[in-house]
Amino acid sequence: MSIKITEKCINCGACEPECPNQAIYEGGKKWRMSDGTSLKKKEILDLDPTIFQEPKKKDIYFIVPEKCTECVGFYDQPQCIMICPVQCCIPDNKNYENKEELIQKKSFLHENI
Ligand code: SF4
Ligand code: SF4
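The sequence shown begins at 289 in the working numbering and counts up by one.
Shown next, in the form of C-alpha cells:
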C-alpha cells in the first residue's frame, strides 16, 4: 500500500530526495506522474503524465499514492519511514496494494529501467 504523511510533518524535507519514485512533494507544489519515472508518453495513461497536477496538500509534504510503491523494487524498507525524524510517514490503509501489485506498479512506473 502507499505510505502517507500525517499532520505531524515538520516540513524538514528529509524524505523528498530519498524517494526512488519521486512520489513525495513539498506542500503546495504541483506534481506529475512523469517526475522521476519513465512515464513520458501521453498514450500510457488516460491522464497525460507530463501535465502538472494540483498539490494534494498545501501546508505539509505529501505523497502521491499513484507513485508510491512502498519502495518495492528499490529498497527493503520504505525510505521515507526510515528517515522521517518525527515518524509521521505511516501506511495508508485506504490505498492497500499487496506485494505483487507493488512490483507491477514499480514496473509500470519504470518501464524501461
Ligand atoms: Fe517514496 Fe518509498 Fe516513501 Fe513510497 S515508501 S513515498 S516510494 S520513499
Ligand atoms: Fe515531513 Fe517527515 Fe518528510 Fe520531514 S521527513 S518533510 S517531517 S514527512
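Where a beta carbon is used, it is the ideal one built from N, C-alpha and C, also for glycine.
When the alpha-carbon of isoleucine 291 is set against those of Lys394, His398, Leu397, Thr357, the nearest one is in Thr357. Listed as beta-bridge partners of cysteine 377 by DSSP are Ile293.
With 16 or more other Cβ atoms inside 10 Å of its own Cβ, threonine 325 counts as buried. DSSP places phenylalanine 350 in the strand class (E or B) of the three-state scheme. Of the candidates Lys318, Asn299, Ile351, the residue whose Cα lies closest to the Cα of asparagine 383 is Ile351.
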